[in-house]
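Number of protein chains: 2
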Amino acid sequence: MNILKKAVVLLSGGLDSAVTLFLAKDNGYECHCVVSEYGQRHKREIRHAELIAKKAGARLHKIKLSFPWNGSSLTDASVKLPSRRTIKEIKKGIPSTYVPARNSIFLSIAASLAETIGASAIFIGAHSEDSSGYPDCRVEYLEAFGNAVKLGTRAGIKKALKIEFPLADKTKKEIIELGQKLGVPFQHTWSCYEGKSEPCGVCDSCILRAKGFKEAGMKDPAIN
Amino acid sequence: MNILKKAVVLLSGGLDSAVTLFLAKDNGYECHCVVSEYGQRHKREIRHAELIAKKAGARLHKIKLSFPWNGSSLTDASVKLPSRRTIKEIKKGIPSTYVPARNSIFLSIAASLAETIGASAIFIGAHSEDSSGYPDCRVEYLEAFGNAVKLGTRAGIKKALKIEFPLADKTKKEIIELGQKLGVPFQHTWSCYEGKSEPCGVCDSCILRAKGFKEAGMKDPAIN
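Just so you know, the protein sequences line up as chains A and B, in that order. Letter by letter, the first sequence follows residues 1 to 224 in the numbering used here. Letter by letter, the second sequence follows residues 225 to 448 in the numbering used here.
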């Protein structure tokens, strides 16, 4: 009998998914990560995902999704990213960086891999407490998607596959503190939406990350 | 004000999705179809989808999904397809042609397109009454997925996007009769899983199609 627990972990190269990976590993799972190239500006996050997976001793599956449509400032370089917004502004409403149905696409692909390799869990680092107002990062959505997987997959019907979102109710500060305990190599994570050689410091993602490190009383090791 | 209703229709080149497209069109929608190349043996169905979309005057978006894993006799040519099964055998359990989480992947991609173009409905031709035992063709699943889209997308939150599965409770016979009324060009549809130059006649899909035409008292115009 195979008693090894397997998990599929959605990895982006960012901080949240890195903490999620190390948490899944800490919970005894053999981790199989999925990172997607979907036309994001910050394609360099994929290189960071590779590094993080390697550090965690996890396998990484790279997926390429080419959609002949656009609808987000994160995938359309001609649309300006939100910049220098206050936390209140960031948390209000759905920003232009929202990518339509992105987490549903990622979670479906994760479910496909999970069934194929016999993984019993899918981990996603989504959280809404201290992030942009993405509808697909909220607990209500994640629970609803988990229910669809329970009904629409072979593994789900057998009650052999569930979606885990361990960061869902945490603040960025709490996520960083958890990552520190777990030994997450924060210096290898990449959050900036711009995807240039250095973090821009002014996009929503940079601002939320800086706030988290500040509140955790830590220096961000990815910033020189 | 734009009063044109738009719909995204999942098209496979098969009979059910063709009927669904013509039904959506009949309901007054401007239809935007999505067909996916996902490693299926019967890749030729894409050519049929092109023909059907053209006949319906609908736009077709082609998506390519390359997954570095396998898990189905429909995508793995080294696994034999089920053959010459009885209807009872076909309906019992989940067959090897089940592709893990396929409809979740397709519906997520459809939701992404729908949000982008401002479509208010996603049409899928799934049904379970007279088909293989795919868990992701059942009403319970389709409703659960619809609920996830309602919670996890910008359009869903605004109650501006819903999933329609008008064939869900119909038999193949009823679907064929409906298609005939709507003028569906059945001769251009392709159902056979083998994907060779002529339908094999013995895979589950060919058997279910033949049963439907027989019960509807019609000759299948795609069979010479």
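The C-beta atom is built at its ideal place from N, Cα and C for all residues, glycine as well.
Residue-level contact to chain A via CB, residue i, 8 angstroms cutoff
| i | result |
| --- | --- |
| A368(B) | yes |
| H351(B) | no |
| E364(B) | yes |
| A273(B) | no |
| T340(B) | yes |
| A372(B) | yes |
| H266(B) | no |
| M225(B) | Note that M225(B) scores 49 on pLDDT, short of 50, meaning its location in the model is unreliable and no value can be drawn from it. |
Collapsed DSSP secondary structure at residue i in the structure displayed
| i | result |
| --- | --- |
| I387(B) | strand |
| H266(B) | coil |
| F290(B) | A small correction: the amino acid at residue 290(B) is Ser; Phe does not occupy that position in the sequence shown. Strand. |
| H188(A) | helix |
| R236(A) | No statement about residue 236(A) is possible, as the shown extent of chain A runs from 1 to 224 and does not include it. |
| A101(A) | coil |
| I122(A) | strand |
| G133(A) | coil |
| V243(B) | helix |
| M225(B) | Because M225(B) carries a pLDDT of 49, less than 50, the predicted location of this residue cannot be relied on, and no value is offered for it. |
| Y365(B) | helix |
| K80(A) | coil |
| D444(B) | coil |
Neighbouring residues, chain B, relative to residue i (Cβ below 7 angstroms)
| i | result |
| --- | --- |
| L113(A) | W293 |
| I94(A) | R378 |
Residue i - containing beta strand (DSSP E), residue span
| i | result |
| --- | --- |
| E37(A) | E30 to E37 |
| L10(A) | K6 to L10 |
| A168(A) | Unbroken run through A168(A): none, as it is neither H nor E. |
Within-8 angstroms CB hit, residue i to chain B
| i | result |
| --- | --- |
| P135(A) | yes |
| L4(A) | no |
| G152(A) | yes |
| S104(A) | yes |
| A101(A) | yes |
| I157(A) | yes |
| L10(A) | no |
Nonlocal neighbours in the same chain, by C-beta distance under 7 angstroms from residue i, ignoring five residues either side
| i | result |
| --- | --- |
| D240(B) | G349, H351, L391 and I399 |
| F369(B) | S328, L331 and I387 |
| H48(A) | G13, H188, T189 and W190 |
| S297(B) | V303, K304, L305, S320 and T321 |
Residues near residue i in its chain [Cβ-Cβ closer than 8 angstroms; skip 5 each side]
| i | result |
| --- | --- |
| A101(A) | D136 |
| L65(A) | S36, E37, Y38, G39 and I105 |
| E339(B) | T377, R378, A379 and L385 |
| E401(B) | A440 |
Partners in chain B for residue i, counting only beta-carbon separations shorter than 8 angstroms
| i | result |
| --- | --- |
| K64(A) | S290 |
Enclosing alpha helix (DSSP H) for residue i [first to last residue]
| i | result |
| --- | --- |
| K172(A) | K172 to L182 |
| I90(A) | I87 to K91 |
| D428(B) | D428 to E439 |
| I157(A) | R154 to I157 |
Under 8 angstroms by beta carbon: chain A residues contacting residue i
| i | result |
| --- | --- |
| S260(B) | Those do not exist, as S260(B) stays about 11 angstroms from chain A at its closest Cβ, beyond 8 angstroms. |
Chain-ordered neighbours of residue i on chain A, where CB pairs are closer than 7 angstroms
| i | result |
| --- | --- |
| H412(B) | Near H412(B) there are no residues of chain A at all, since even the closest Cβ is about 23 angstroms away, more than 7 angstroms. |
| Y322(B) | R154 |
| M333(B) | The sequence given here has Ile at residue 333(B), not Met. Those within 7 angstroms of I333(B) in chain A are I105. |
Beta-carbon proximity list for residue i, same chain, < 6 angstroms, skipping 5 on both sides
| i | result |
| --- | --- |
| K25(A) | C31 and A56 |
Original post:
Between the region 290-304 of chain B and chain D, which residues of the former have CB atoms less than 9 angstroms from a CB of the latter, in chain order?
Top reply: Although the question refers to chain D, the structure presented lacks it and instead comprises the protein chains A and B.
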